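*Asks:* The structure follows.
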């Protein structure tokens, strides 16, 4: 049985531009009615994971060691990453209309 399958490219905001993606959002999103709607309901911490190049990981670990030596105390990767994420969010919130 010869069933032909054609590969279809999934639609994404990259195909149509960020403006189209934002325009397609509903007027009344859950976040508009509840500030923390997108946040986990649990009071505990959640894990964020992502992939990065091996070189970037090694440079990051080396920077952690240098900062730990400079400050005379152990610097944890989690603390540095959370701090940078919070800085990024604060910067974006300032620019949000």
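Residue numbers (my numbering): 70 to 166.
By construction, the Cβ of each residue, glycine as well, lies at the ideal position given by its N, Cα and C atoms.
Bear in mind that the values here come from a model prediction, so they are computed numbers and not experimental data.
1) What does a CB cutoff of less than 7 Å around residue 142 pick up in its chain, not counting 5 residues either side in sequence?
2) For the region 105–166, which segments carrying the alpha helix (DSSP H) assignment without a break, of at least 4 residues, lie completely within its bounds, in sequence order?
3) Looking only at its chain, what residues have a beta carbon closer than 8 Å to the beta carbon of residue 135, apart from the 5 residues adjacent to it on each side?
*Replies:* In short:
1) none
2) 123–140 and 146–164
3) none
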